[in-house]
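Undergrad:
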Amino acid sequence: MYFTHADAVWTAHPQLRALTLAVDDVLGMKDDPARQERLAPRVEERLAAHTESEMPEIAAWRETFSRMGLKPTQYRCAAEALLRRYRKERNLPRFHPLVDYLNFVSMSFAIPIAVFDCAKVADGITVRPADGSERYETFQGDVEHPVPGEIVFTDAEGNAHSRRWTFRQSARSVVSAGTDRVLIVAEALHAAAPQDLAALERELTAGLAGAGVRVAGARTLDSGERRLEFPHA
């Protein structure tokens, strides 16, 4: 199993940094609201200080989307979408113990985080411009084909697991009650990304260990270190 970015992505976005973690034993992770409650004050502090669009982490994504021809108010990275919803409702839907925890980590760092069920991914994931042949499965059961040139997370069989680089995830690899091994990806484009992703890795390593989940491999990718590889379960 691997995770990597195509050369075209690094050429266009040399400031990109990506934290990648291979995680095992998710099946035994129990629901514990205390994980989210511990992070909630930091989320509140962020929202009290700035709107989502004013946060440097989010502003960098908005600028990138604008350069790609996407309207930032129409296409928001996952962290911005979560913060926006939380600001309005002070609550988030519950999905799965791991996803619920990652949503609060994402908001507390204002960095988008994706998580993929490795059993539903063919060989690995490459982040690259779409050619239009990829298959993206919606949660309504439909199949879409990405617009050529949009950034997708695609596997070796042409399944698109996310579209438009917004971490809009496919139904194909979403974490479910039967998920045991996952790939977690956090990407950042702002100036302090290296330091912030290092802090995010510390949070995830400690938080997952406390939940009885094992990090089998972790790496921060940049233009010089572009690939994470880990053995199949």
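All residue numbers for the sequence shown refer to my numbering, where the first residue is 1213 and numbers rise by one.
C-beta: ideal position from N, C-alpha, C; glycine also.
Values in this document were obtained by computation on a predicted structure and should not be read as measured data.
1. Whole angstroms is fine: what's the gap from A1252's alpha carbon to T1366's?
2. Can you give me the Cβ contacts of A1260 inside the same chain, cut-off strictly under 6 Å, excluding the 5 residues immediately before and after it?
3. Looking at H1357 and A1272, is the spacing between their C-beta atoms short of 8 Å?
4. Our contact map puts V1339 next to Y1348 with C-beta atoms below 8 Å; I'd like the distance itself, whole angstroms only.
5. Specify the secondary structure class of G1419 as computed by DSSP and reduced to three states.
6. According to DSSP, is P1443 helix, strand or coil?
7. Comparing C-alpha positions only, which one of A1368, M1319 and F1316 sits nearest to C1330?
8. Looking only at its chain, what residues have a beta carbon closer than 6 Å to the beta carbon of R1376, apart from the 5 residues adjacent to it on each side?
9. Among the candidates F1351, F1321, S1382 and L1282, whose CA atom is the shortest distance from the CA of P1268?
10. Expressed to the nearest angstrom, what Euclidean distance is found between the alpha-carbon atoms of L1295 and A1411?
11. Are the CB atoms of A1421 and D1408 nearer to each other than 8 Å?
12. Would DSSP call I1270 helix, strand or coil?
13. Which same chain residues end up closer than 6 Å to F1316 when comparing Cβ atoms and leaving out the 5 residues on each side of it in sequence?
14. In its own chain, which residues sit with a C-beta less than 7 Å from the C-beta of D1243, not counting the 5 before and 5 after it?
15. Could you tell me the boundaries of the alpha helix (DSSP H) in which L1453 lies?
16. Determine the burial state of F1307: buried for a count of at least 16 other Cβ atoms within 10 Å of its Cβ, exposed for fewer.
17. Measure the C-alpha to C-alpha separation of R1463 and E1437 and round it to an integer number of angstroms.
18. Tell me whether the beta-carbon of I1337 lies closer than 8 Å to the beta-carbon of L1282.
TA: With the given structure in hand:
1. 33 Å
2. none
3. no
4. V1339 to Y1348, Cβ: 14 Å. No contact.
5. helix
6. Note: P1443 maps to coil in three-state DSSP.
7. A1368
8. Y1287 and E1362
9. F1321
10. 19 Å
11. no
12. helix
13. Q1248 and L1251
14. Excluding sequence neighbours, D1243 sits near P1309.
15. Only positions 1213 to 1445 of the chain appear in this structure, which leaves residue 1453 out of reach.
16. For F1307, the number of other beta carbons within 10 angstroms of its own is below 16, and it is reported as exposed.
17. Residue 1463 is absent from the structure shown; the chain starts at 1213 and stops at 1445.
18. In this structure, L1282 does not lie closer than 8 Å to I1337 by Cβ.
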